[in-house]
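Undergrad: So the sequence lines, in the order shown, correspond to chains H and E.
Numbered by the working numbering, the letters in the first sequence go through residues 1134 to 1505 in order.
Numbered by the working numbering, the letters in the second sequence go through residues 1474 to 1808 in order.
Below: one structure in structure tokens.
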Amino acid sequence: MKIQRFGQLAGMAVVGALALSACGSDTNSPGAGGSASGGSSASTDCAKGTLNAEGSSAQKNAIEEAITTFQDSCEGATVNYNPTGSGAGIKQFIAGQVDFAGSDSALKKTEKDGKIETAEAEKFCGSPAWNLPMVTGPIAVAYNVKGVDKLVLTPEVIANIFSGKITTWNDAAIAKINSGVSLPSEPIKVFFRSDESGTTENFTKYLKAAAPNAWAAEPGKSWTGKGEGKEKSAGVASAVQSTEGGITYAEWSYAKDNKLGIAQVDNGGGAVELSGESVGKAVAAAKPDGEGNDLRLKLDYTTKEAGAYPILLVTYEIVCSKAKDPAKVDLVKAFLKHFSSKETQASLEDIGYAPLPDEVRTKVDAAIAALS
Amino acid sequence: MSSVTGVSAVDESPSPGGRVPLAGDAAGTGRVGDRLFSGLATSAGLLVIALVTLIGVFLLWQAIPSLARNEASFLTSREWTVAGEHPRFGIVEMLWTTVACSLIAMAIAVPVGVGVALFITQYAPRWLSRPAASLVDLLAAVPSIVYGLWGVLTFRDAVRPVEELLQDKLGWFPLFATTGISGGTIFFIGIVLAIMVLPIVTALSREVFAQTPVAHKEGALALGATRWEMIRTAVLPFGRPGVISAAMLALGRALGETIAVTFIVSTLARGSDWSWSLFNGGETFASRIANNAAEFDSPQKTGAFIAAGLVLFVLTFIVNAIARVVIERRKAFSE
């Protein structure tokens, strides 16, 4: 019995290996225009070698998904991503330790601590560094209130909750925009990220832009509101899950995985539910902020466009426009092209990210093609 | 070679050649084995001293530039703005949290640990004492992240009613005042730390209690002492220095514990009011450093956190120094 089972396993392993190697040799043959092996993405260009990347933990799940499908269809290619945080990623990129960095804010053009990130990166690359928007991560305002499945919040109300001015769930300001919902009288328990994080930065940027009267503090990576701090996204999400009356801001996937209520946001154009589509609309509405192929985006947090969910962050892959190591150019291009492809982007929605809208995606593709 | 040395020394001792057998100075007369071993032992000792000194120097070296630019009082400020042109940071909040939760841990772990050790060495039947001892040691082998996870997911709910009861009944006392924090309070962290350091206290105390001279114990019993009186008059005085050093070792661990605390702790929002309450949140030195390590993007920022690490280093150093002094004092009475 045992032996038989082992035999089956071995058989499967052999078949699997054969199938994989067949797949690999198929995709590697140069100029074989669109290999038809049954991989997940049909048109992956391949190159051999190893890429090392580091940075934002906000895009960790997305890039890991892309890496898995990329490596499945490209034999001999390895991509390592180390989600140590945006700051660390940029630092390692400038120090030449990694081939590209992931960051949830584009390289800063203004001086900070005596250094200008764009200048430092350009000095290292010997060419301008480009910020390529790749992953769109909506930030959910996630709550845990028994019996409240649908909750609409306006930027002012969100700002007042997170700055401690609204302290109970049945506050008149919340009740007014949620007619028909029976809100309990329990206290609101605000949880925030105790570590410095791009999520906090983007969330406070949103509050500052959309509710300037209610949110006075300058946006930044460390929290400036009220509440109780927990470590990383997982910490705040599980804290809300275990605390009745809790509310926090977290990446969409964490809110979904912990089965938290997700508030609809009404920026003035009607309540918008968080979905891949509503986020895509907001990204498409963002204005380009860079020159040429430097595709940094200026998100419009105050957008009143109907159906656009405004609280989101965009993570960029930061690359040298002229690669420092010419041997790796093909691999970088192949991987990024795979990452930005329609199939990969669509697959990200299941794990809590929104696909890049087509307008932005075509620009990213053009920029990737221009890398050298 | 060294074995030959050993043999010859033994051979020489009974020889009637007029030489004093195994004379003191003959032990270090430059035989290779002797020199080798004393050299190894000395360099091991020097290595540790050098290591600690170098760590101290590293901390100072990294911290000084940031400290020089700090515009707030490093020891008394509650602010923590470490980036930018005008950094303002101070450690008083971290110091309070670190010390408070470590002291709670000590208050629980030392009595319980000593009790466990006494049970194992004095009360338990032989068949039970060995498994009990290894079970306690097993607690030390659990990775601290597991304590953190267990604390957050399971233990939290068990301690919450106790906290609520204390807040309810003793809320007038500043240490037990009610706060808005519902998750990782100082009190809760103290309890989890107590469980983590329990094996250290137990294992060391057990060792010293087991070494109580049988003559002392039998003497006490012969004079008509009950078992408790025997423990009080013979075992505890003999073991006291050991228990103190166990407690200090455990305190060192509690002060520096990082990952479990980072996992559990509820940090305070900036500018929140100061509270002496043990049911408030806060960050320990180690947890704040660990929590922000991913964003050390400038030397100034890193330096500020390292300065906080330096305070922890000094704090641990002071604790250990006090322990040394206490042990030296007590030794006189122990035998």
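A virtual CB, placed ideally from N, CA and C, is assigned to each residue, including glycine.
All figures in this text were calculated on a predicted structure; none of them were measured in a lab.
Please state whether DSSP places H/W1302 in a helix, a strand or coil.
TA: coil
Undergrad: Just by C-beta distance, which residues in the stretch 1302 to 1313 of chain H are closer than 9 angstroms to chain E?
TA: none
Undergrad: Which bits of chain H does E/F1736 rub up against, with CB to CB less than 8 angstroms?
TA: E1364 and G1368
Undergrad: Assign H/Q1192 to buried or exposed, taking buried as 16 or more other Cβ atoms, counted over all protein chains shown, within 10 Å of its Cβ.
TA: buried
Undergrad: Which residues in chain E have a C-beta closer than 8 angstroms to the C-beta of H/T1217? List them in chain order.
TA: A1767
Undergrad: Rounded C-beta distance between H/D1399 and H/I1310? I'm assuming under 8 angstroms.
TA: Between H/I1310 and H/D1399 the Cβ distance is about 7 angstroms, and since that is below 8 angstroms, they are a contact.
Undergrad: Between which two residues does the alpha helix (DSSP H) holding E/Q1535 run?
TA: V1505 to R1542
Undergrad: Please confirm if H/F1325 has its CB atom under 9 angstroms from at least one CB of chain E.
TA: yes
Undergrad: My understanding is that E/R1679 touches E/A1590, with C-beta atoms under 8 angstroms, so please give their C-beta distance in whole angstroms.
TA: 4 angstroms
Undergrad: Quick check: E/A1759 and H/T1217, are their CB atoms within less than 9 angstroms of each other?
TA: no
Undergrad: Within 9 angstroms of any Cβ in chain E, is that where the Cβ of H/G1440 sits?
TA: no
Undergrad: From E/G1692 to E/G1653, what does the alpha carbon distance come to, in whole angstroms?
TA: 57 angstroms
Undergrad: In three-state DSSP terms, what is H/Y1387?
TA: In the three-state reduction of the DSSP assignment, H/Y1387 falls in the helix class, which pools H, G and I.
Undergrad: Could you name the residues of chain E that H/G1220 contacts, counting a contact when the two beta carbons are closer than 8 angstroms?
TA: A1767, E1768, F1769 and D1770
Undergrad: With H/I1451 as the anchor, note down where its alpha helix (DSSP H) starts and where it stops.
TA: Counting along the chain, H/I1451 falls outside any alpha helix (DSSP H), though it belongs to the beta strand (DSSP E) covering L1445 to C1453.
Undergrad: Keeping to the same chain, check which residues put their C-beta closer than 8 angstroms to that of H/I1223; ignore five residues upstream and five downstream.
TA: G1188, A1234, S1236, L1240, E1250, A1254 and I1451
Undergrad: Taking C-beta pairs closer than 9 angstroms, name the residues in chain E that H/I1223 reaches, listed in chain order.
TA: D1770
Undergrad: Applying the criterion that 16 or more other CB atoms from any shown protein chain within 10 Å of the CB defines a buried residue, is E/K1690 buried or exposed?
TA: buried
Undergrad: Using 9 angstroms as the limit for Cβ to Cβ distance, is E/G1563 near chain H?
TA: Under the Cβ distance rule, E/G1563 does not count among the residues neighbouring chain H, no pair being separated by less than 9 angstroms.
Undergrad: Check the Cβ of H/A1372 against every Cβ in chain E and list those closer than 7 angstroms, keeping chain order.
TA: G1656
Undergrad: Specify the secondary structure class of H/F1468 as computed by DSSP and reduced to three states.
TA: helix
Undergrad: Does the beta carbon of E/L1626 come closer than 9 angstroms to any beta carbon on chain H?
TA: yes
Undergrad: Go through the stretch 1215 to 1252 of chain H residue by residue and report every complete run of the alpha helix (DSSP H) that reaches 4 residues or more, in order.
TA: 1219 to 1227
Undergrad: For H/K1392, name the three-state secondary structure that DSSP assigns.
TA: Here H/K1392 sits in coil by DSSP.
Undergrad: At the 9 angstroms Cβ level, is H/A1150 part of the contact set with chain E, yes or no?
TA: Its pLDDT being 49, under 50, H/A1150 is placed unreliably in this model, and the value from its coordinates should be taken loosely. Taking Cβ atoms only, chain E never reaches closer than 9 angstroms to H/A1150, which makes this a no.
Undergrad: Could you work out which residues of chain A lie near E/G1754, taking near to mean beta carbons separated by less than 8 angstroms?
TA: The chain labelled as chain A is not found among the protein chains of the depicted structure, namely H and E.
Undergrad: Between E/G1593 and E/A1606, how many whole angstroms is the CB-CB distance? I'm expecting something under 8 angstroms.
TA: The sequence given here has Ile at residue 1593 of chain E, not Gly. That belief holds up - the Cβ atoms of E/I1593 and E/A1606 are roughly 5 angstroms apart, short of 8 angstroms.
Undergrad: By the 7 angstroms beta-carbon criterion, what residues does the stretch 1258 to 1271 of chain H contribute toward chain E?
TA: none
Undergrad: To the nearest angstrom, how far is it from the Cα of H/Q1225 to the Cα of E/A1580?
TA: 44 angstroms
Undergrad: By alpha-carbon positions, which one of H/I1291, H/L1428 and H/V1462 ends up nearest to H/T1381?
TA: H/I1291
Undergrad: Are E/L1643 and E/V1784 close, meaning C-beta to C-beta below 9 angstroms?
TA: Between E/L1643 and E/V1784, the C-beta spacing is not below 9 angstroms.
Undergrad: If the criterion is Cβ atoms closer than 9 angstroms, does the pair H/A1456 and H/T1436 meet it?
TA: In this structure, H/T1436 does not lie closer than 9 angstroms to H/A1456 by Cβ.
Undergrad: So H/N1277 is in the alpha helix (DSSP H); what residue range does that whole segment cover?
TA: H/N1277 -> not in any alpha helix (DSSP H); beta strand (DSSP E) instead, spanning A1262 to N1277.
Undergrad: Less than 8 angstroms between C-beta atoms, sequence neighbours within five positions excluded: which residues of the same chain meet that for H/G1166?
TA: Caution is warranted here: a pLDDT of 37 is assigned to H/G1166, below 50, making its placement in the model unreliable, and no coordinate value can be reported.
Undergrad: If you count every other CB in all the chains shown that lies within 10 Å of the CB of E/Y1596, and 16 or more means buried, which is it?
TA: exposed
Undergrad: Comparing the CB of E/A1573 with every heavy atom of the ligand ATP, is any distance shorter than 8 angstroms?
TA: Absence of the ligand ATP is noted for the structure shown, with no ligands found whatsoever.
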